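Numbering-wise (this note's numbering), the sequence shown opens with residue 13 and increments by one.
C-beta: ideal position from N, C-alpha, C; glycine also.
Treat the numbers as computed from the prediction; the structure is a model and nothing was measured.
Below is one structure, written out as structure tokens; comments come after it.
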Amino acid sequence: MCSNNNKTGVSAVLTPPLSPPSVLQQYECAICKAIYKSKAGLTCHKNIVKKYNERREDLYTLPSEAITEFKVHLVHVIQNKLKGIFLRSDVYIKISNLFGNSNWGRKFFKNDQQTFVVLFDAQAEIEANQEDVYQNGKYIPKNRLKKFNLPKLTIEWKCKKSEDAKNNKTLAGYIYLNFRTQQISLS
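Here it is as structure tokens:
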């Protein structure tokens, strides 16, 4: 027979406290579509947005040249951080439209030879999607799987700045294109 060592006479079995059913309610900002867990969070967000949209009297007006220069620097920072990577089958058409030249990725040589940019390889895509994690009945860890070199075009905006002893500044920007090529003979 079990003895109860509890001197208060209350059962030793603990029951979880009763809690009201939790209903997840979300509050969304109508302007920026940010989602908040509580109405107070949304109100705080709206107050901050309102505060930054009101012109303060202690701020001075910047000349348009300073604003333009700031925009140029901002675009430069954004372009340095972002890369455009194109991986789909319709990429060649998109880049052709961008450059305005349907033969942008081809170079023609004598003897009916040409070199062209490869942006999509259907066979490599199929092989990459069908890679099996089991080989000869044994499991292969993901870090040991063969990495397929799928063709892609990476576009990066790069910028070079220099300043000489007399404080003359130069700024040059260029586009960096990284892609794979193949060569064929048409004869």
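Using only the alpha-carbon positions, how far apart do residue 84 and residue 182 sit? On the sequence shown, residue 84 is found 72 positions in, with the first residue counted as 1. On the sequence shown, residue 182 is found 170 positions in, with the first residue counted as 1. Whole-angstrom Cα-Cα distance: 14 Å.
Complete alpha helix (DSSP H) runs within the region 37–73 (minimum length 4 residues, chain order): Within the region 37–73, the runs of alpha helix (DSSP H) that reach at least 4 residues and sit entirely inside it are, in chain order, 51–65.
Paired residues, beta bridge with residue 110 - DSSP: Against the sequence shown, residue 110 aligns to sequence position 98. In the DSSP assignment, residue 110 is bridged to no other residue.
Rounded to the nearest angstrom, what separates residue 65 and residue 59 at their Cα positions? Locating residue 65 in the sequence shown gives position 53, counting from the first residue. Locating residue 59 in the sequence shown gives position 47, counting from the first residue. So the two alpha carbons sit approximately 10 Å from each other.
Proximity to residue 129 [Cα-Cα], best of 173, 170, 38 and 104: Taking the sequence shown and counting its residues from 1, the one referred to as residue 129 is at position 117. Residue 129 has its Cα closest to that of 104, out of 173, 170, 38 and 104.
Report the option in 122, 41 and 166 whose CA atom is closest to the CA atom of residue 54. Sequence index remark: in the sequence shown, residue 54 carries index 42 (1-based). Out of 122, 41 and 166, 41 has the C-alpha closest to the C-alpha of residue 54.
Does DSSP classify residue 177 as helix, strand or coil? Locating residue 177 in the sequence shown gives position 165, counting from the first residue. Looking at residue 177 - three-state DSSP - the assignment turns out to be coil, as it is neither helix nor strand.
Could you please give the first and the last residue of the uninterrupted beta strand (DSSP E) stretch that includes residue 119? To locate residue 119, count along the sequence shown from 1; it is residue 107. For residue 119, the uninterrupted beta strand (DSSP E) run begins and ends at 118–121, by DSSP.
Candidates 57, 44, 61 and 38: closest to residue 50 by CA position: Against the sequence shown, residue 50 aligns to sequence position 38. Among 57, 44, 61 and 38, the Cα nearest to that of residue 50 is on 38.
Please return the same chain residues whose Cβ sits closer than 6 Å to the Cβ of residue 63, not counting the five positions on each side in sequence. Walking along the sequence shown from the start, residue 63 turns up at place 51. There are no such residues.
Could you work out which residue in 175, 168 and 179 is closest to residue 185 when comparing CA atoms only? Locating residue 185 in the sequence shown gives position 173, where the first residue counts as 1. Looking at the Cα atoms, 168 is the closest of the given residues.
Residues in its own chain within less than 7 Å of residue 114 by CB, not counting five upstream and five downstream? Translated into the one-based positions of the sequence shown, residue 114 becomes position 102. Leaving aside the five residues that flank residue 114 on each side, the residues in its chain whose CB is nearer than 7 Å to its CB run, in chain order, 108.
Around the Cβ of residue 117, are there at least 16 other Cβ atoms within 10 angstroms (buried) or fewer (exposed)? Counted from its first residue, the sequence shown places residue 117 at position 105. The C-beta of residue 117 has 16 or more other C-beta atoms within 10 Å across all chains shown, which makes the residue buried.
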